[in-house]
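Working notes, beginning with the structure itself.
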């Protein structure tokens with residue numbers, strides 16, 4: 001619970017749709033939705049537990065309900081619009097080209113605030129204030145584009161409160177997580193999951209800060225996951241534990 005960017009979730013709004021509902025046209029979704037306002041974490045957990053079967057349906061409206069819930073929990077559409085940076089020619093949106101989620105939507109669901117950037121604090125560019133994260137996020141973010149020098153993810157996202165990171169690689173997001181916060185001086189395991197790849201087997205990689213990354217010849221293919229993990233743990237040795245590296 002990080003609704004509205006507060007220190008703890010005092011109020012969250014859960015949006016639900018009728019069970020087994022066929023998706024109506026977009027403009028009619030709002031009329032089909034029901035809203036449950038949870039006034040405590042305990043009530044929120046009970047509501048989510050009751051909704052799990054519907055949320056786990058692959059042919060349902062769980063993702064839409066989740067986004068609606070995030071927007072309402074952050075104060076509603078007007079409050080979310082105010083959180084997004086204005087470019088001077090209009091503001092960004094939560095859904096971008098080709099139906100992709102934008103950075104604003106990723107930050108909204110990960111941090112509770114629809115910020116447009118991934119760096120720490122605010123920056124000024126040509127008189128325009130660009131807002132970044134002001135505090136440590138509950139869930140983190142790592143980006144392959146940082147390896148290419150296109151973006152710099154701040155420590156508030158790289159070192160989240162929980163050892164869970166969204167990993168942005170190529171064209172979609174995956175997730176990397178640990179059972180506990182890694183020890184920077186000893187080997188540790190991370191689990192990787194990619195739902196879009198219909199992954200049906202465990203991928204566990206071991207990062208060893210006491211060993212250097214494997215040497216690679218020029219032109220060798222480097223697994224994108226390794227490049228992404230090296231943005232947080234530079235130079236560490238990564239073992240795929242017998243699983244073929246994802247190229």
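In full-length UniProt numbering, the protein residues as written are 1 to 247.
Glycine included, C-beta positions come from ideal geometry on N, C-alpha and C.
In this structure, what does DSSP give as the bridge partners for residue 101?
-> Beta-bridge annotation (DSSP): residue 101 is paired with 95.
Measure the alpha-carbon distance for residue 73 versus residue 112 and round it to whole angstroms.
-> The straight-line gap from Cα to Cα measures roughly 8 Å.
Extent of the continuous beta strand (DSSP E) run through residue 162 = Segment: none, residue 162 is in no beta strand (DSSP E) and carries neither H nor E.
Based on Cα-Cα distance, which residue from 243, 61, 129 lies nearest to residue 24?
-> Comparing Cα positions, the closest option is 61.
May I have the straight-line CA-CA distance separating residue 136 from residue 164, to the nearest angstrom?
-> C-alpha separation (whole angstroms): 13 Å.
In or out: residue 172 buried (at least 16 other Cβ within 10 Å) or exposed?
-> Residue 172 comes out exposed.
Compare the C-beta of residue 177 against all C-beta atoms of chain B and say whether one is closer than 8 Å.
-> Protein chain content of the structure displayed is limited to a single chain, and chain B is not contained in it.
Whole-Å CB distance - residue 210 paired with residue 241, under 8 Å assumed = In fact, because the Cβ distance is near 17 Å, the residues do not count as touching under 8 Å.
Top-ranked residue by Cα proximity to residue 182, from 161, 195, 196, 200 | For residue 182, the nearest C-alpha among the options comes from 161.
For residue 64, three-class secondary structure by DSSP = The answer is helix: DSSP assigns residue 64 an H, G or I state.
With DSSP collapsed to three states, give me the class of residue 204.
-> Taken through DSSP and simplified to helix, strand or coil, residue 204 comes out as strand.
Under a three-way DSSP split, which group does residue 248 fall into?
-> This structure gives no information on residue 248, because the portion of the chain shown stretches from 1 to 247.
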